[in-house]
Amino acid sequence: MTTPPVRANSRRNTGPGGHLVQRIFRGVISLAQGLRLTMGYLLHPARVVTQQYPENRATLVLPPRFRARLVMVRDAKGQHHCTACGMCEKACPNGTISVLPGQDGSGKKILGKYIYRLLQCTLCNLCVETCPFGAIAMGQDFELAAYDRQALVLVLHEERQGTSS
Amino acid sequence: MPAVSSRAPIKDTTCAAPPMRPAGFIRSPAGDGLTDEYFLNMGPQHPSTHGVLRLVLRLDGENILEVVPHLGYVHRGIEKIGENQTYIQNIHLTDRLDYLSAHSNNLCLCLAMEKALDIGVPERGEYIRVMVCELQRIQSHLLWWGVMGMDMGAITAFLYGFKEREPITNIFEEMCGARLTMNFFRPGGSAMDVPDTFIPRVRGVIAHLKPALDEYHTLLSNNVIFQARTKGIGILPAASALAYGCSGPVLRGSGVNLDLRRHFPYSIYDRFDFDIPLGQAGDCYDRYLIRLEEMAQSLRILEQAAAAFPTGPYRSKEKAQYRLPRGSHYAQVETSRGLFGVYIVADGSAKPYRIKYRSPSFANLMVINELVRGHKLADLVAIISTLDLVIPDMDR
Amino acid sequence: MPQPMPPAAFPVTNFLGDLIRAHFAPPMSDLLNGLLAIMALLAVVALTPICLIWLERKVCAHFQARLGPMRVGWHGLMQPLADGIKLLFKEVLKPEGADTFLFFLAPILPATASFLVLTVIPFDHHFQVTDLDAGVLFVIAASGLNIFGVLLAGWASNNKYSLLGGIRSGAQMLSYEISLALIMLLVVLLSGTASLREIVLTQQGTVLDWWICKFPGFGALAFIMFLISSTAELNRGPFDMVEAESELTGGFTTEYSGISFAMFFLAEFVNMFASAALATTFFLGGFLAPRFGLAALDGLLASVPGVLWFFLKSYGVILCFMWFRWTFPRPRVDQLMALEWKIMLPINLGLLTLGGLFLGLGWIAP
Chain W
5 MTTPPVRANS RRNTGPGGHL VQRIFRGVIS LAQGLRLTMG YLLHPARVVT
55 QQYPENRATL VLPPRFRARL VMVRDAKGQH HCTACGMCEK ACPNGTISVL
105 PGQDGSGKKI LGKYIYRLLQ CTLCNLCVET CPFGAIAMGQ DFELAAYDRQ
155 ALVLVLHEER QGTSS
Chain P
5 MPAVSSRAPI KDTTCAAPPM RPAGFIRSPA GDGLTDEYFL NMGPQHPSTH
55 GVLRLVLRLD GENILEVVPH LGYVHRGIEK IGENQTYIQN IHLTDRLDYL
105 SAHSNNLCLC LAMEKALDIG VPERGEYIRV MVCELQRIQS HLLWWGVMGM
155 DMGAITAFLY GFKEREPITN IFEEMCGARL TMNFFRPGGS AMDVPDTFIP
205 RVRGVIAHLK PALDEYHTLL SNNVIFQART KGIGILPAAS ALAYGCSGPV
255 LRGSGVNLDL RRHFPYSIYD RFDFDIPLGQ AGDCYDRYLI RLEEMAQSLR
305 ILEQAAAAFP TGPYRSKEKA QYRLPRGSHY AQVETSRGLF GVYIVADGSA
355 KPYRIKYRSP SFANLMVINE LVRGHKLADL VAIISTLDLV IPDMDR
Chain A
18 MPQPMPPAAF PVTNFLGDLI RAHFAPPMSD LLNGLLAIMA LLAVVALTPI
68 CLIWLERKVC AHFQARLGPM RVGWHGLMQP LADGIKLLFK EVLKPEGADT
118 FLFFLAPILP ATASFLVLTV IPFDHHFQVT DLDAGVLFVI AASGLNIFGV
168 LLAGWASNNK YSLLGGIRSG AQMLSYEISL ALIMLLVVLL SGTASLREIV
218 LTQQGTVLDW WICKFPGFGA LAFIMFLISS TAELNRGPFD MVEAESELTG
268 GFTTEYSGIS FAMFFLAEFV NMFASAALAT TFFLGGFLAP RFGLAALDGL
318 LASVPGVLWF FLKSYGVILC FMWFRWTFPR PRVDQLMALE WKIMLPINLG
368 LLTLGGLFLG LGWIAP
């Protein structure tokens, strides 16, 4: 396409340029217009865009795809779907997940321990994308600060809070 | 009443005396020798939010003679880490380079992979790519504008810029779940489809941003104080810009017509009708105006894309493993900063042998000695603002 | 010369004053009146920063489409108290090699200067600590202490960057002092008196008799010049190189912490109030209620005490200062000096000439 380039400086002519008096006049006008713009915000408090967090926690709505910490998905009976296949562990870029298999009564492989190191997780979502069973999901709990490192090494299959907090 | 020290000053014998002349300065001492030069350190911690960049300045009074930038304060070894990650795992690392162009960076790596493995992208996937990258460009320029205003002293501009970013960030949040580190694109398309609210929200952004851009012109561009701070400051000749490898608005500010979306089109940019703003004088004001105009042009692209948004698959068939063939593969995109390139040396395995990122901010920074010649301390702030540097992009 | 207005009744203060004076012998009453007035003024000086800190943060926030402090007290009303307590508890540091006496003297000077300026400002007909015949000259002289404090702070900090910041700031304040003095001189010329109370009294009548209107067209220009010069004097608004160039030079307050810094901070806000008070006195009719020539409306407006009108007008001017600060980018230092010496000084001299001309030709009278 050979559309000629547009000169960006069409605005250069609207600013001050020309006789001194003309320049001072145009300069003062430009200042006055800026003042009018900001006063418009002061006089219309409805234009405030900030939210009062943490007071508004009760009404906070996060989008369904929001990627906060990993949780284990449970169905209505409270069962999880993890088969300890270990694909999430392979997909994870930095070794955040450790899937330790166990055995049930008949010797079949089931999940033993699902360790999730929140300390290292980059919230990249690759584990969720790779899981063939939809057993894990990125939840909505973003308030994750803790005073103790150990509190950030989580064992997901032992959490009973449900699909997302 | 004279000040009397009650004890002798402590002599610090633990470290060697600092060198009289900091390393890296190459120019001979200035002119007449009647005034003293001194060195000033704009340390890695700044009140201005360009990131952890250390500049050591050689000054004669107020006038800057030379600048030596010291990089590496945010060096995380991303390229080295990338050698131990599969290609898909590398995508989330590119988020963290120029975090204001996360989608564009992801796209560049995906383009390199698609070129190497000859993977096609369906129509809807392409439209999603173009729209998301243009939204990212607008969002990045909005942050730049706010920070520029704040550096110039109009702190209110910072809040206005962030206010307008919020709808775009919300679109990204709804679409991929993250507000900064996206990890959304994949080779062949994107990780997931856009939600149904995507197009209406984009239309809302377009409608909302047009009057906002007028506000920005009223608050800063037309303001006589701002113009006095930026017109005629930091003039970059076209030859220097090309010699240093500048790209993006820094290069176009000097009048060089080079935009990868037009001249080396990738994705489906060649289908859209948009103008490329160019500067005349190559000063800070030109670079400033170019970015504002780029926002308006991005809105044009978004309008056209939203009108023609197709249905269909968002990603071509996903492979189990991506093993790039032996050899080198390169792709480049036009991010908000300029030319971002990904160069992969592959050895046929699932992980790259070497992955190198061509950083636009790095090249743009190198031109700073040309720009500050003859200017004062306060002009340095204006110049750095208009170079639009993102330090993690430089340091990788 | 206009007829002085009859003193209004001040039942509360008269009662308190009588109560105190009753305990002392009559010859002491002058001294007592003076002391009581000074204490009242100190109360104003102490309360003003508390109001202004809150106002500044809220106004700044609303300009920026946000809310400002909301948590410390209802809508953040106790925020200044929290800030004050924090500053009081901070350690007061003195850098090694700093000149102790000058280092600790420096913060006291701007605070003293602002207090001195406020002593001659008429808050109401008889609400003035002292009405000097050469009030305007006293104001100009007292404002000079501000500059003194800034330069001393820069010097005594034993810090290269504080010195640079202090010198720059001092140069800025000295230059704009000239413009300020010229505008004040203009008002003195027009009113025929240098006493601040008399200047207010020359503005009796309707709103059109205020000096901003009475000197047609140029009164408004003089008012704007006064505002700009005051903004530069206060090191605030678009002329805050000192605070802003903190990336490069620290400004003269770098080495100060705790109560020393609090004194600078307090002085800035009290000076802002003093400048606004001066602008009100010179151009906006001081404590006089606005009269529009409509009997009913005028009666209603005049029933509001003059003190309240004074504070209303002053806070209006303060709002203008805040408006300038939160809208404009800052010019470079040399552009700032060029503005004063090449643009504002000639304009102010021109205004002075025009004022004399208008007066001589009889087009305006005090």
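Chains as they are written, first to last, in the numbering used here: chain W, 5 to 169; chain P, 5 to 400; chain A, 18 to 383.
All C-beta atoms in this analysis are idealised placements derived from N, C-alpha and C, irrespective of residue type, glycine included.
Residues that DSSP places opposite Q143(P) in a beta bridge: Residue 143(P) sits at position 139 when you count from the first residue of the second sequence. Listed as beta-bridge partners of Q143(P) by DSSP are no residues whatsoever.
Contact list for A216(P) against chain A, beta-carbon separation under 8 Å: For the purposes of this step, residue 216(P) is taken as the residue at position 212 of the second sequence. By Cβ distance, chain A contributes nothing, its closest Cβ being about 12 Å from A216(P), past 8 Å.
Own chain residues within Cβ distance below 6 Å of S208(A), not counting five before or after: On the third sequence, position 191 is the one that residue 208(A) refers to. I216, T219 and P383, listed in sequence order.
DSSP three-state assignment for E87(P), whether helix, strand or coil: Mapped onto the second sequence, residue 87(P) falls at position 83. Looking at E87(P) - three-state DSSP - the assignment turns out to be coil, as it is neither helix nor strand.
9 Å Cβ cutoff met for F286(A) and P66(A): Numbered from its first residue, the third sequence carries residue 286(A) at position 269. Numbered from its first residue, the third sequence carries residue 66(A) at position 49. Yes. Within cutoff.
Residue interval of the alpha helix (DSSP H) (run including I245(A)): On the third sequence, position 228 is the one that residue 245(A) refers to. Going by DSSP, I245(A) is part of the alpha helix (DSSP H) stretching over F235 to E250.
Start-end ranges of the alpha helix (DSSP H) lying completely within the region 107-158 of chain P, minimum 4 residues: Here the runs fully enclosed are 127-156.
Short CB-CB distance (under 9 Å) between T344(A) and chain B: Note that chain B does not occur in the displayed structure, where the protein chains are W, P and A.
Beta carbon proximity, H142(A) to chain W, threshold 9 Å: Indexing the third sequence from 1 puts residue 142(A) at position 125. Judged by the 9 Å Cβ criterion, H142(A) is not in contact with chain W.
Host alpha helix (DSSP H) of Y120(W) (start-end): Mapped onto the first sequence, residue 120(W) falls at position 116. Per DSSP, Y120(W) belongs to no alpha helix (DSSP H); it is in the beta strand (DSSP E), K113 to R121.
Within-9 Å CB hit, G210(P) to chain W: Taking the second sequence and counting its residues from 1, one reaches residue 210(P) at position 206. One detail in the question is off: residue 210(P) reads as Ile in this sequence, not Gly. No, because no Cβ of chain W sits closer than 9 Å to the Cβ of I210(P).
Any chain W beta carbon closer than 9 Å to L353(A): Position 336 of the third sequence holds residue 353(A). Residue-level contact by beta carbon fails for L353(A) and chain W, as no gap is shorter than 9 Å.
Residues bridged to K380(P) [DSSP beta-bridge criterion]: Working through the second sequence from its first residue, we reach residue 380(P) at position 376. Answer is N67(P).
F162(P) versus L336(A) - alpha carbon distance: Taking the first residue of the second sequence as position 1, residue 162(P) is located at position 158. Taking the first residue of the third sequence as position 1, residue 336(A) is located at position 319. Distance from the CA atom of F162(P) to the CA atom of L336(A), rounded to whole angstroms, is 21 Å.
Residues of the region 24-48 of chain W whose Cβ lies closer than 8 Å to any Cβ of chain A, in chain order: Residues are counted here when their Cβ sits less than 8 Å from a Cβ of chain A; for the region 24-48 of chain W these are I28, L35, G38, L39, L41, T42, M43, Y45 and L46, given in chain order.
Same chain, Cβ closer than 7 Å to I157(A), five either side skipped, listed in chain order: Taking the first residue of the third sequence as position 1, residue 157(A) is located at position 140. Only residues of its own chain outside the window of five on either side were considered, and among them A198 and M201 have a CB closer than 7 Å to the CB of I157(A), listed in chain order.
H142(A), buried or exposed, once every other Cβ within 10 Å from all chains shown has been counted against 16: Numbered from its first residue, the third sequence carries residue 142(A) at position 125. Result: buried.
Closest Cα partner of Y326(P) within the set N373(P), N109(P) and D122(P): The count along the second sequence starts at 1 and reaches residue 326(P) at position 322. It is D122(P).
Test: M142(W) CB closer than 9 Å to a CB of chain P: In the first sequence, the residue the question calls residue 142(W) occupies position 138. M142(W) counts as touching chain P.
Neighbouring residues, chain A, relative to R61(W) (Cβ below 8 Å): Within the first sequence, the letter at position 57 stands for residue 61(W). Listed along the chain, the chain A residues whose CB falls inside 8 Å of the CB of R61(W) amount to none; the nearest CB is some 15 Å away.
Residues from the region 101-126 of chain W in contact with chain P, defined by Cβ distance under 8 Å: Of all residues in the region 101-126 of chain W, only T126 place a beta-carbon less than 8 Å from a beta-carbon of chain P.
Test item: CB-CB of G86(P) and G129(P) under 9 Å: Your numbering for residue 86(P) matches position 82 in the second sequence. Your numbering for residue 129(P) matches position 125 in the second sequence. Annotated as distal: G86(P) and G129(P), with beta-carbon spacing of 9 Å or more.
Through-space distance from C250(P) to A354(P), alpha-carbon basis: On the second sequence, position 350 is the one that residue 354(P) refers to. On the second sequence, position 246 is the one that residue 250(P) refers to. Across the structure, A354(P) and C250(P) are spaced so that their CA atoms are roughly 33 Å apart.
At least 3 beta-carbon pairs within less than 8 Å: the region 120-137 of chain A vs the region 277-296 of chain A: Judged by pairs of C-beta atoms under 8 Å, the region 120-137 of chain A touches the region 277-296 of chain A, as three or more such pairs exist.
Between the CA atoms of L374(A) and L368(A) - distance to the nearest angstrom: Here the question's residue 368(A) lines up with position 351 in the third sequence. Here the question's residue 374(A) lines up with position 357 in the third sequence. Straight-line Cα distance between these residues: approximately 10 Å.
Near-chain A residues of the region 359-375 of chain P - C-beta to any C-beta below 9 Å: Nothing from the region 359-375 of chain P brings a Cβ to less than 9 Å from some Cβ of chain A.
Q145(A) and V137(A) closer than 9 Å at C-beta: As a working mapping, residue 145(A) is identified with position 128 in the third sequence. As a working mapping, residue 137(A) is identified with position 120 in the third sequence. Judged by beta-carbon spacing, V137(A) lies within the 9 Å limit of Q145(A), meaning their Cβ atoms are closer than that value.
Proximal residues of chain P, C-beta to C-beta of A82(A) below 8 Å: The count along the third sequence starts at 1 and reaches residue 82(A) at position 65. Those within 8 Å of A82(A) in chain P are L163, Y164 and K167.
Paired residues, beta bridge with G316(P) - DSSP: Locating residue 316(P) in the second sequence gives position 312, where the first residue counts as 1. Residue pairing for G316(P): DSSP places it in no beta bridge.
Identity of the residues DSSP links to R190(P) by a beta bridge: Here residue 190(P) refers to the residue found at position 186 when the second sequence is read from its first residue. R190(P) is bridged to G193(P).
Touch test, the region 203-215 of chain P against the region 171-179 of chain P, Cβ-Cβ under 8 Å, three pairs minimum: Two segments are said to touch when three or more pairs of C-beta atoms, one from each, lie closer than 8 Å; by this definition the region 203-215 of chain P touches the region 171-179 of chain P.
Chain W contact residues for T222(P), given Cβ-Cβ distances below 7 Å: Sequence index remark: in the second sequence, residue 222(P) carries index 218 (1-based). In chain order, Q37, G38 and L41 make up the part of chain W whose C-beta sits under 7 Å from the C-beta of T222(P).
CA-to-CA distance, D397(P) to M370(P), given in whole angstroms: For the purposes of this step, residue 370(P) is identified with residue 366 of the second sequence, where counting begins at 1. For the purposes of this step, residue 397(P) is identified with residue 393 of the second sequence, where counting begins at 1. Cα-Cα distance, rounded: 14 Å.
Cross-chain neighbours of C128(W) in chain P, by beta carbon under 7 Å: Translated into positions along the first sequence, residue 128(W) becomes position 124. Near C128(W) (Cβ distances below 7 Å), the residues of chain P are H96 and N187.
Any 3 or more C-beta pairs closer than 8 Å across the region 378-389 of chain P and the region 233-242 of chain P: As far as the Cβ criterion goes, the region 378-389 of chain P touches the region 233-242 of chain P, which means the pair count is three or higher.
The region 127-138 of chain W touching the region 73-88 of chain W, judged by at least three CB pairs closer than 8 Å: Contact between the region 127-138 of chain W and the region 73-88 of chain W is present, with at least three C-beta pairs closer than 8 Å.
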